[in-house]
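A quick write-up on the structure given underneath.
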Amino acid sequence: MRWSQSFHVTLREAPGDAEVVSHRLLSRAGMIQKLAAGIYSYTPLGFRSLRKLIEIVREEMDATGAQEVDLPILQPKELWVESGRWQRYIDDGILFHLEDRKSGEFALAPTAEEAITDLVRRSVTSWRQLPFNLYQIRTKFRDEIRPRFGLLRGREFLMKDAYSFDVDQKGLDRHYEKMETAYRRIFERCGLEYALVQADSGAIGGAASEEFMVVADTGEDALVFSDAGDYGANIEKAVTAPLAEPWAGEEARPFGKADSPTPGLITCEDQARHLKTDVTRITKTMLYETIDAAGGVRVVAVLIRGDLDINEVKLPKALGVMHAKLLDEKFLPSIAGCRPGFVGPIGLKAPDGQSEVPIYLDRSMENARNVFCGANAEGLHHSNLSVKRDLKAAGVVEVATAREGDPSPTGKGTLRIKRGIEVGHIFKLGAKYSEAMKCEVADQAQKMIPLMMGCYGLGVGRTLAAAVEQSHDDDGIVWPVALAPYQCALLSLQRDAEVQRAADELYESLKTAGVEVLYDDRDERPGVKFKDADLIGFPVRIVVGAKALAKGGVEVSTRREKKAEVVPVAKVVEIVKATLAAGARTLAVFA
RNA sequence: CGGGGCGUAGCGCAGGUGGUAGCGCGGCUGCUUUGGGAGCAGCAGGUCGGCGGUUCGAGUCCGCCCGCCCCGACCA
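So for the first sequence, our numbering puts the first residue at 2; every next one is plus one.
Spelled out as structure tokens, the structure:
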């Protein structure tokens, strides 16, 4: 493509509302443009990169034997009521929905479990038709409570979603593994540094799930890894090996009722300093309002060691409820008789309709002895609480947030924390949707069984943005070869006829050799062309200028290293092809 | 949805106490220049987010609405 004939425009300054680097650089490079919050257009240049990624995803999905479909985005409410997700998604506020002229209600699909399950149940009647895996690459809509970060969290976004169907768990396991392998290949082909971590399955539901994360400091997710290399989990899911107990081997000392004043000290750290003890000897008592599956509301207390925090994603599952929300401070006086900071497990008054406030212990408190806890009175703590002697616990749960330096749950290594961008999420759904929607077949024993489903999402636009987050410098994007809009930029520096002719000829031979080249033939000064080439981030740059040309050469460099070599014109195509084939990290030079 | 902030030219921004809108970049024309976002001269470009109010007069003050961004709970 000749730049002078293209639509393409770059920006000197990023739009003021672009915060993260991928949004800024993709905007400045002229690859995307915002239409509304969380809604973006791809320009011809941006769409070239997107299309490359789409093609990689399609190839790898096809290679697993998955078959591509195209499901409606506009979906009738009835389908969503059937799966039970209509109300939940409406309540969460993330479903775009609208009415047709006869007042029929429709959703703009945020995901397609219902549509695919409906397609399958109408087509499949026998176990003999299974297994299979169906996928699509289509726009999804989610009215995100807070769209942000450009392509990283849009309200309209491109996603690849695949759905596998099997008659049994073993088949599902096989599909799941195949998808994991395909995802690894996709992210490797894109040249991304990624990690596979254990995850919470969230609103999609189902049992096991794992996330593919692109490692980047700007990522929204915290990831926990063992430095022994045998454990990785989203912090929402991460667990640790049991922590060392400071009270190990101690005799339980007599309980010290309200004997430890802590006036005005709210945090465990301040209280520990004042009481001349370690923060691990302070007990945090947190009150939560829980809602169970039947809609029953209850207040519960959760005790955790003062140096740890409760992980509120893990909490509902651990307590066996649907939701657990930190109790609003305004209810503390009536239940605990004090403000935050002095709440303790002894003497809590149950709210109306509840006989007592059940006390759950985080694992860190299971054997606690000789620790302080709030006395449910302003500015007062008890001392020498010994949990087994002094409390009747409703259960022990594992709800602490993992920390850098904690021991790995695998027993090997220490935990480290990195940040990441979730680009893929694979789930074993099991029979959740097939049971709700009666997607069944007759098995060999002529019994009707619900199909075992898996679902596998991959954020296509998000992956593109993640690639930029991971690979850029002060001058612009450094595209991995596989995702670059063009593999190579060709700049002609002067208007000089000799230079123009040499550049024109090189352009033709590069095209003939099958190299994707953007030829910057604009009537611009050299500085402008250099800046734009760096900003867009073509993996390889060829500069045709009077200086080198006088010696029969042109300059070739990679975006990553930027060290230009003068090479003979006749060798350019060969060198560019070899450099691209090697990932364009460093220039391939032939003797 | 709660908390904070913003909306003025294509982009980035400035416009005390009300007096009829400017700067930089970009664009167009001409000359000059040509190896890291050149220089000079000239020109074009604005319902100041919208509606209503106060006022002789509103970008500026008041009210309502809309849009956008940031911090929290959701997610590919």
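Beta carbons are placed, not taken as given, at the ideal position from N, Cα and C, and that holds for glycine.
Selected residue, minimal CA-CA separation from ALA571, among THR580, GLU506, GLY515, ALA534: As a working note, residue 571 is residue 570 in the first sequence. Among THR580, GLU506, GLY515, ALA534, the Cα nearest to that of ALA571 is on GLU506.
Within the chosen definition, does the stretch 443-453 reach the stretch 229-238 through at least 3 CB pairs nearer than 8 Å? Not touching, per the Cβ criterion.
For HIS382: DSSP bridge partner residues: In the first sequence, counting from the first residue as 1, residue 382 sits at position 381. For HIS382, which the question treats as bridged, DSSP gives the partners SER261, GLY375.
Could you check where the beta strand (DSSP E) with GLN34 kicks off and where it finishes? Reading the first sequence from its first residue, position 33 is the one you call residue 34. That run of the beta strand (DSSP E) goes 33-37.
Can you tell me whether ILE576 is buried or exposed, with buried defined as 16 or more other CB within 10 angstroms of its CB? Along the first sequence, read from residue 1 onward, the residue named residue 576 stands at position 575. Burial call: buried.
Given 8 Å, three or more beta-carbon pairs between the stretch 458-472 and the stretch 235-255: no
Taking the straight line between their C-alpha atoms, what separation do you get for ALA110 and ALA163? Translated into positions along the first sequence, residue 110 becomes position 109. Translated into positions along the first sequence, residue 163 becomes position 162. So the alpha carbons of these two residues sit roughly 14 Å apart.
From ILE146 to VAL424, what distance separates their C-alpha atoms? On the first sequence, position 145 is the one that residue 146 refers to. On the first sequence, position 423 is the one that residue 424 refers to. Going from the Cα of ILE146 to the Cα of VAL424 covers about 19 Å.
Where do the ends of the alpha helix (DSSP H) carrying SER28 lie? Position 27 of the first sequence holds residue 28. 22-29 is the span of the alpha helix (DSSP H), which, as asked, contains SER28.
Beta carbon of ILE336, beta carbon of LYS350: below 8 Å? Within the first sequence, residue 336 is the residue found at index 335, counting from 1. Within the first sequence, residue 350 is the residue found at index 349, counting from 1. A contact, by the Cβ cut-off of 8 Å.
Between the C-alpha atoms of LYS179 and LEU430, what's the straight-line distance to the nearest angstrom? Taking the first residue of the first sequence as position 1, residue 179 is located at position 178. Taking the first residue of the first sequence as position 1, residue 430 is located at position 429. If I take the Cα positions, the gap works out to 15 Å.
Between VAL372 and ALA242, what straight-line distance do the alpha-carbon atoms span, to the nearest angstrom? Residue mapping note: residue 372 aligns to position 371 of the first sequence, counting from 1. Residue mapping note: residue 242 aligns to position 241 of the first sequence, counting from 1. In a straight line, the C-alpha of VAL372 is about 21 Å away from that of ALA242.
Suppose contacts are defined by Cβ-Cβ distances below 8 Å. Is ALA585 in contact with ARG561 by that definition? Working through the first sequence from its first residue, we reach residue 585 at position 584. Working through the first sequence from its first residue, we reach residue 561 at position 560. The answer is yes: Cβ separation under 8 Å.
In the DSSP assignment, what residue or residues form a beta bridge with GLU106? Here the question's residue 106 lines up with position 105 in the first sequence. GLU106 is bridged by DSSP to GLU100.
DSSP three-state assignment for MET453, whether helix, strand or coil: For this step, residue 453 is matched to residue 452 along the first sequence. Three-state result, MET453: strand.
May I have the straight-line CA-CA distance separating GLU517 from ALA319, to the nearest angstrom? In the first sequence, the residue the question calls residue 517 occupies position 516. In the first sequence, the residue the question calls residue 319 occupies position 318. Their Cα atoms are separated by approximately 54 Å.
Under 8 Å between C-beta atoms of LEU392 and PRO341: Along the first sequence, read from residue 1 onward, the residue named residue 392 stands at position 391. Along the first sequence, read from residue 1 onward, the residue named residue 341 stands at position 340. No; because the gap between Cβ atoms is not below 8 Å, this pair is not in contact.
Quick check on DSSP: helix, strand or coil for PRO408? Counted from its first residue, the first sequence places residue 408 at position 407. In the structure shown, PRO408 falls within a strand segment according to DSSP collapsed to helix, strand and coil.
Would you list the residues sitting across from PRO77 in a DSSP beta bridge? Your numbering for residue 77 matches position 76 in the first sequence. According to DSSP, which records beta bridges pairwise, PRO77 is partnered with PHE107.
Compute the distance between the beta-carbons of ASP167 and MET366, then report whether it is under 8 Å. For the purposes of this step, residue 167 is taken as residue 166 along the first sequence, with counting starting at 1. For the purposes of this step, residue 366 is taken as residue 365 along the first sequence, with counting starting at 1. Their beta carbons are not under 8 Å apart, which means ASP167 does not touch MET366 by this criterion.
Report back the beta-carbon spacing between VAL567 and LYS552 to the nearest angstrom; my notes put them in contact at under 8 Å. The residue you call residue 567 lines up with position 566 of the first sequence. The residue you call residue 552 lines up with position 551 of the first sequence. 7 Å between Cβ atoms; contact.
What runs of the beta strand (DSSP E), each 3 residues or longer, lie entirely inside the stretch 169-234? 195-199, 210-216, 222-227
Within 7 Å: the Cβ of VAL557 and any heavy atom of the ligand HEM? Among the components modelled here there is no ligand, and therefore nothing to report on the ligand HEM.
Beta-carbon proximity of ASP71 to ARG139, cut-off 8 Å: For this step, residue 71 is matched to residue 70 along the first sequence. For this step, residue 139 is matched to residue 138 along the first sequence. Cβ atoms of ASP71 and ARG139: closer than 8 Å.
C-beta atoms of CYS191 and LEU54 nearer than 8 Å: Residue numbering aside, residue 191 sits at position 190 when the first sequence is read from its first letter. Residue numbering aside, residue 54 sits at position 53 when the first sequence is read from its first letter. The answer is yes: Cβ separation under 8 Å.
Below 8 Å on the Cβ atoms is my guess for ALA200 versus GLU212; work out the distance and round it to an integer in Å. The residue you call residue 200 lines up with position 199 of the first sequence. The residue you call residue 212 lines up with position 211 of the first sequence. About 4 Å separates the two Cβ atoms, so the contact holds.
Report the rounded CA-to-CA distance for PHE332 versus LYS258, giving the unit in angstroms. As a working note, residue 332 is residue 331 in the first sequence. As a working note, residue 258 is residue 257 in the first sequence. When rounded, the distance between both Cα atoms is 24 Å.
Figure out for me which residue from ASP353, ALA302, VAL322, LEU309 has the closest Cα to the Cα of LEU328. On the first sequence, position 327 is the one that residue 328 refers to. It is ALA302.
Please list, in chain order, all residues of the same chain as THR580 whose beta carbon is under 7 Å from its beta carbon, the five residues on each side excluded. Within the first sequence, the letter at position 579 stands for residue 580. Within the same chain, THR580 has close Cβ partners VAL541, THR559, LEU588, ALA589.
Whole-angstrom distance between ALA401 and LYS413, CA atom to CA atom: Residue numbering aside, residue 413 sits at position 412 when the first sequence is read from its first letter. Residue numbering aside, residue 401 sits at position 400 when the first sequence is read from its first letter. Cα to Cα, LYS413 sits roughly 19 Å from ALA401.
Give me the DSSP bridge partner(s) of LEU511. By 1-based counting over the first sequence, the position of residue 511 is 510. Looking at the DSSP assignment, LEU511 forms no beta bridge with any residue, so it has no partner.
Going by alpha carbons, who is nearest to LEU511 out of ILE543, GLY85, ALA483? In the first sequence, the residue the question calls residue 511 occupies position 510. Distance from the Cα of LEU511 is smallest, within the candidate group ILE543, GLY85, ALA483, for ILE543.
Please report the straight-line C-alpha distance between SER5 and ALA223, rounded to a whole angstrom. Position 4 of the first sequence, counting from 1, holds the residue named residue 5. Position 222 of the first sequence, counting from 1, holds the residue named residue 223. One C-alpha to the other measures close to 45 Å.
Near GLN68, which residues of its chain fall below 8 Å by C-beta distance, leaving aside the five closest residues on each side in sequence? As a working note, residue 68 is residue 67 in the first sequence. Annotation for GLN68: PHE133, ASN134, LEU135, TYR136 place their beta carbon closer than 8 Å to its own, counting only its chain and skipping 5 residues before and after.
Between which two residues does the beta strand (DSSP E) holding PHE531 run? Within the first sequence, the letter at position 530 stands for residue 531. Note, PHE531: premise wrong, no beta strand (DSSP E); alpha helix (DSSP H) at 527-537.
SER261 versus VAL314: straight-line alpha-carbon distance, rounded: To locate residue 261, count along the first sequence from 1; it is residue 260. To locate residue 314, count along the first sequence from 1; it is residue 313. Distance between the alpha carbons of SER261 and VAL314 is about 33 Å.
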